[in-house]
Amino acid sequence: MTPSALEKWLATEESRAAGQHKDGGESTGHASGRAIVEILRTNKGDLSDADYAHMRKVVGYIRRHLAQRPSGDVRDTRWRHSLMNWGHDPSDDR
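Now the structure itself:
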């Protein structure tokens with residue numbers, strides 16, 4: 019997802035409802051999405067080791083969850099919404 023598409027998605031109620039919430043706060047994926055937007059808007063030369071570590075975490079999450087794809091139409095599922103919080107829309111897979 020582009021930074022602007024991800025930012026727009028993160029502002030939705032569906033985005034805020036998806037994922038694991040600790041103590042009723044922001045979900046892990048939603049917080050990750052905000053970090054991803056910042057990383058995507060950062061010049062490559064300005065990325066920190068922590069930025070690279072976060073992106074490795076993101077890639078791992080996406081790979082694991084894509085392997086758990088539910089059958090049928092996934093357009094309006096928590097599975098897809100969770101992946102979108104992490105910056106990947108599986109409906110865009112070609």
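Position one of the sequence shown corresponds to residue 19 (the numbering used here), numbered consecutively onward. Every residue, glycine too, gets a C-beta built ideally from N, C-alpha and C.
- In this model, His-39 and Pro-21 are separated by some 23 Å (Cα to Cα).
- Excluding sequence positions up to five before and after Pro-88, its CB lies within less than 6 Å of the CB of Trp-97, all in the same chain and listed in chain order.
- A contact is defined here as three or more CB-CB pairs under 8 Å, and the region 75–83 meets this definition with respect to the region 99–107.
- The three-state secondary structure of Ser-45, taken from DSSP, is strand.
- Between the beta-carbon of Gly-43 and that of Leu-24 there is about 20 Å, and that puts the pair past the 8 Å contact cut.
- Per DSSP, Ala-29 lies in no alpha helix (DSSP H) segment and is marked neither H nor E.
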